[in-house]
Every structure is written in C-alpha cells, then in structure tokens.
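The structure appears right after this line, and notes come after that.
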Amino acid sequence: MLQFFVYFVCFVVKMTPMHVRIAKIHPDAIVPHYVHPGDSGMDVYSIEEVTIPPGATALVRTGLKIAVPEGYEAQVRPKSGLALKHAISLSNTPGTIDSGYRGEICVILINHGQQPYHVEKQSKIAQLVICPVIRAEILEVTELDDTARGEGGFGSTGLRHPDSSAAS
C-alpha cells in the first residue's frame, strides 16, 4: 500500500507545477536553474572566491535564500564533474534544506584531492534537487522481527558477486 502511495504522490507531483521561491540576497548571486530538459538537479553557484586546501572543508556562500514548500525538502548534492576532475564533494551529502529554513543556502565543500582547489566566483559548486518528504510515525517497540539478513552489515555480504570464482 505504501509503495502505491509513493507512486501516486510521484505521479501527482510530476503533473502539478511546483513553485519554489528563491530570493537573491547578494547582487552576484545566480538563481539556480535546470540546464537540460529532464534534469533533476539545478546548478548552484558560488558568490565568492575560496581556496580549499587538500583535506579541508569550506563553507561556500551562494547569496540565495529559498522557501521550500511544506512536504518537500531541497537536497544539496555534489557535482559529478567536480568530484571526478578535482576530487571536490560535499562533506554532508546530501545536504538537506527543510521547508521551514529561511537562512542563506551555503554549501560545505570538501577537497579530497592532493592539490588546493580554487572556487571561482559564480562557478558551479553543487546541485539542488527538490524532493517530497514522507514523515514517518515512530513506534517504539521492545523487539524487532527477525529477517534473513539479521544484524549483518558493513560489508557482511562481501564485495564480489556470489557466482564470482574469486574469494570475497
């Protein structure tokens, strides 16, 4: 039943135009936008120059505020090109912007590379994806049902396909 509900919500969301209000609070801010039809993420841009040393993080400003509609969140996600070419990602992937937040959108970038990375002013630093939120009703119990997996986690199923001749 829940699966049907999720599919129904996704269908309704796809059919209903959504308006997300974004305010520029800095003159150099660029309003996020979709580059191609069918894109799920809108590009987010820096309003400042920042140099991130190897292994360090930096809080990068966008000069934007957003009003996410109730029942949704805005996820801040990494750019694949920055990750592949420069080892730049987000340290809290994905970052969540709740519908009640009205502060500036800032992006926490991390440099996993060996060289300093220079963020240029008005360069793409992340993507913004608007997603529906399902709020769960939590039921505290004393025990959980048993499953075939049990408490196995953290690589307990191995790294290779079970039919692989190599040992996992």
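With my numbering, the residue at position 149 of the sequence shown is 676, and numbering never jumps. Glycine included, C-beta positions come from ideal geometry on N, C-alpha and C.
Buried or exposed by the 16-neighbour rule on C-beta atoms within 10 Å, applied to residue 604: buried
Beta bridge counterpart(s) of residue 588 as assigned by DSSP: For residue 588, which the question treats as bridged, DSSP gives the partners 633.
Nearest residue (CA-CA) to residue 635, options 643, 650, 615: For the options 643, 650, 615, the alpha carbon positioned closest to that of residue 635 is the one of 615.
For residue 651 and residue 645, the rounded distance between their alpha carbons: 12 Å
Bridge partner(s) assigned by DSSP for residue 553: DSSP lists no bridge partner for residue 553.
Where residue 610 falls: helix, strand or coil (DSSP): helix
Sheet register partners of residue 645 (DSSP bridge): 578
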